[in-house]
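I have placed the structure first, in the form of C-alpha cells, so that the comments after it can refer back to it.
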Amino acid sequence: MIGIIADTHDNIDAIRRAVDFLNSQNVSLVLHAGDFIAPFTVKEFKKLNSPLVGVFGNNDGERKGLGEKFSQMGTHLKDFVELEHKGKRIALYHGTIEEFVSALVKSGDYNIVIRGHTHSPKIKKENGTLVINPGEVCGYLTGKNTLSILDIEKMKAVIHEI
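Printed below as a string of C-alpha cells:
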C-alpha cells in the first residue's frame, strides 16, 4: 500500500492526523504531491513509519529550508519525480501546469500519475494510466481533509477523509 497526500499547507493538526492514519494503514511508502509550505512541518513528517518521496508545489516558497529539513530525513524534494515501485512506473508532480499533467498521462510512459494543486480529490483511469489527486490534507478550500491509499498490486486507489 502507498499513501498519497498533497496540499498540506502548514495545517499541523491535519498533518498529524494524516501521519497517524498512514501509519495505521501500514503503508510502505508515502508520496506527497507538493505544497508543504514551511520547513517547521517536517518534524511531523518525521513521524511516518515509511519513506517519504515528495515534490515542491507552487506555494512552497521556502524551498531551501524545506530541502534542508527534508534531506535530514533522507527525502530530497524536486519539482518532478519519476520512480518505479513494485514494477509500476509512477510520475509525481504538483500539477501547477495542466498541460504538463496531460502530457504525462498521454505519454504512456507511466502506469500512475499523481498530482495535487486543485485540492479536489479525484481518481480516474485515462489512456491506461491511473491518475490520482488525493485532494487536500489541509482542508482549507473544500472543508474536507483527504488523502488516498493506493493498492499498487491491484491498481486500485481509494480516497479517505481524515
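The working numbering numbers the first residue of the sequence shown as 339 and each following residue consecutively.
Just so you know, even glycine gets a beta-carbon here, dropped at the ideal spot from N, CA and C.
Just so it is clear, the structure is predicted and the values come from calculations on it, not from any experiment.
{"query": "Stretch pair the region 377–386 + the region 425–438: three plus CB contacts closer than 8 Å", "result": "no"}
{"query": "Identity of the residues DSSP links to Thr484 by a beta bridge", "result": "Glu499"}
{"query": "Thr434 versus Ala352: straight-line alpha-carbon distance, rounded", "result": "23 Å"}
{"query": "Beta-carbon gap between Ile487 and Val496 smaller than 8 Å", "result": "yes"}
{"query": "Proximity to Met339 [Cα-Cα], best of His347, Arg354, Ser388, Lys444", "result": "Ser388"}
{"query": "Where Lys494 falls: helix, strand or coil (DSSP)", "result": "strand"}
{"query": "Cutoff 6 Å; reference Asn343; Cβ partners in own chain excluding five residues on either side", "result": "In the sequence as presented, Asn is not what sits at residue 343; that position holds Ile. The answer, listed in chain order, is Ala356, His370, Pro472, Val475, Leu485."}
{"query": "Under the three-state DSSP convention, the category Leu369 falls into", "result": "strand"}
{"query": "When Val393, Gly341, Lys494 are compared against Thr413, the one with the closest alpha-carbon", "result": "Val393"}
{"query": "Neighbour-count burial assignment, Asp489, 16 or more Cβ in a 10 Å radius", "result": "exposed"}
{"query": "Cβ shell of Lys444 (< 7 Å), same chain only, five flanking positions each side left out", "result": "Asn465"}
{"query": "Bounding residues of the beta strand (DSSP E) (the contiguous stretch that carries Leu390)", "result": "390–392"}
{"query": "Ile452: first and last residue of the uninterrupted beta strand (DSSP E) it sits in", "result": "450–452"}
{"query": "DSSP bridge partner residues for Phe418 (one or two, in chain order)", "result": "Tyr431"}
{"query": "Backbone CA spacing between Pro459 and Val439 [nearest angstrom]", "result": "15 Å"}
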